[in-house]
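739 is the number that our numbering gives the last residue of the sequence shown; the numbers go up by one with no jumps.
Ideal Cβ positions, reconstructed from N, Cα and C, are used throughout, including at glycine.
Inspection log for the structure reproduced underneath, given as structure tokens.
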Amino acid sequence: MEKLSNTCYIIHGDSIDIVPKLPEKKFSLVYSDPPYGISYDKWDVLHDNKNKSLLVDGKKRKRTGKPIRGWSKEDEKISKQYRQWVFSWVKHLPRLCVPASAILIHNSRRLMHSFILSAERELLLQDILAYIKPGSHFQAFRPFPDDQPNIRIGNLSPRWEPILVFRTKFKGTNKSIIQQYGTGGMNVEEFKNFTGSYRNMIEACSVKVKQHPTQKDVETTECLIRTFSPEKSRVLDPFMGSGTTGIAALKSGRVFVGIEKNKKHYNTAKSRLLEFIHNEQRRLW
Ligand SMILES: C[S@@+](CC[C@H](N)C(=O)[O-])C[C@H]1O[C@@H](n2cnc3c(N)ncnc32)[C@H](O)[C@@H]1O
């Protein structure tokens, strides 16, 4: 573990091994954008589907992509193995968190059902927020541009993604939990200040300097951290990528613990966080 400041700690390694070893009852929020299991990038391939049309490893194939020739028996492995992978780390969260902690998870429209089915064995699903992306490419292509120009293959323009809102289980009343741990409620005014309403959707800001292929924006992450965690509490991101959650947590006055497996992304997170910490110190002094 590297200590970057009194409120910022990061770990280079595999969360599947590290999460079970983290200390008990330290966190009040887990905010993460984990792999979606939709084969977007190498780190997002969490299955051993051998369907040739998915283009797995091998000379003429690649690991990423969507099934391109219909359904194969092998495709069933994608969601099944994603559920197993999700449970391998989610099952530890109740032990790491205080009761009624919020667990906020960015996910995909395609496999969020698998995430929910797996996570609800240990967590309570409370809501699904719509994360409205600043832009979205309409990529459905025309198989017969001359004969049937209106017929396209693929998806409609993907304007939103789900953010799954879970709670760790708790005993007692909501009021008693809020008084004891500060968890279980939401600071709805923080949410309204940013979004302009109490509706369960949030408009993402565009990322100005992109340092990770699936980088999220600091602004919405900060709003959600302020809404769903008590002041000065600890926030965990087991899949921190370029460290966006960390910067948002520090900006909100929370303590951050982040984990990242890929060395390049880990170093990006480290330098972004150090830059933020140094700028803050300069601003205060
Ligand atoms: C969707 S990205 C997170 C991007 C992040 N929200 C940002 O703004 O930069 C998921 C990250 O999880 C990392 N990852 C995947 N499997 C992991 C594991 N088992 N342990 C730790 N990190 C992992 C990937 O390398 C990737 O950087």
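Check: Ile631 and Phe624 - do their beta-carbons sit closer together than 8 Å?; Outcome: yes
Check: Once DSSP output is grouped into helix, strand and coil, what is the label at Met655?; Outcome: strand
Check: If you measure from the CB of Glu714, is any heavy atom of ligand 1 nearer than 7 Å?; Outcome: yes
Check: Could you check the C-alpha separation between Gln816 and Pro477 for me, to the nearest Å?; Outcome: The displayed coordinates of the chain run from 455 to 739. Any statement about residue 816 would go beyond what the structure contains.
Check: With respect to the beta strand (DSSP E) encompassing Asp691, which residues constitute its N-terminal and C-terminal limits?; Outcome: Arg688 to Asp691
Check: Beta carbon of Lys717: closer than 7 Å to some heavy atom of ligand 1?; Outcome: no
Check: Could you work out which residue in Ile617, Asn628 and Lys534 is closest to Ile557 when comparing CA atoms only?; Outcome: Ile617
Check: Kindly indicate the opening and closing residues of the alpha helix (DSSP H) around His567.; Outcome: Met566 to Ala573
Check: List, from N- to C-terminal side, the beta strand (DSSP E) runs of 3 residues or more that fit wholly inside the segment 593-649.; Outcome: 614-622
Check: For Thr446, which residues of its own chain have a beta-carbon under 8 Å away from its beta-carbon, when the five flanking residues on both sides are left out?; Outcome: Limits of the chain in this structure are 455 at one end and 739 at the other, which puts residue 446 out of reach.
Check: When you compare only the Cα positions, how much space is there between Pro474 and His546?; Outcome: 6 Å
Check: For Met694, is the classification buried or exposed, using 16 other Cβ atoms within 10 angstroms of its Cβ as the cut-off for buried?; Outcome: buried
Check: Grab the span of the beta strand (DSSP E) containing His560 for me, first residue to last.; Outcome: Cys551 to His560
Check: Note down, in chain order, each residue of its chain lying with its Cβ closer than 6 Å to the Cβ of Ser660, except the 5 sequence neighbours on either side.; Outcome: Pro588
Check: Whose C-beta lies closer than 6 Å to the C-beta of Asp468 among residues of the same chain, with five residues either side of it excluded?; Outcome: Lys715
Check: Short of 7 Å in beta carbon distance, which residues of its chain neighbour Trp543, apart from the five on each side in sequence? Order them along the chain.; Outcome: Ser469, Ile470, Val473 and Pro692
Check: Check for me: the beta strand (DSSP E) holding Ile465 runs from which residue to which?; Outcome: Cys462 to His466
Check: May I ask you to check if the CB of Gly695 is nearer than 7 Å to at least one heavy atom of ligand 1?; Outcome: yes
Check: With DSSP as the reference, label Gln538 as helix, strand or coil.; Outcome: helix
Check: The beta strand (DSSP E) with Ile586 in it runs from where to where?; Outcome: Leu577 to Ile586
Check: On the premise that Thr699 lies in contact with Val751, defined as a C-beta separation below 8 Å, what is that separation, rounded to the nearest angstrom?; Outcome: Lying before the first or after the last residue shown, residue 751 is absent from the chain, which here runs from 455 to 739.
Check: Using only the heavy atoms of ligand 1, determine whether one of them is closer than 7 Å to the beta carbon of Thr649.; Outcome: no
Check: Any heavy atom of ligand 1 closer than 7 Å to the Cβ of Trp497?; Outcome: yes
Check: Could you give the distance in angstroms between the alpha-carbon of Pro489 and the alpha-carbon of Glu576?; Outcome: 19 Å
Check: Is any heavy atom of ligand 1 found at a distance shorter than 7 Å from the C-beta of Lys670?; Outcome: yes
Check: Verify the contact flag: Asp581, CB atom, against every heavy atom of ligand 1, threshold strictly below 7 Å.; Outcome: no
Check: Could you tell me the alpha carbon to alpha carbon distance between Ser590 and Val540, rounded to whole angstroms?; Outcome: 27 Å
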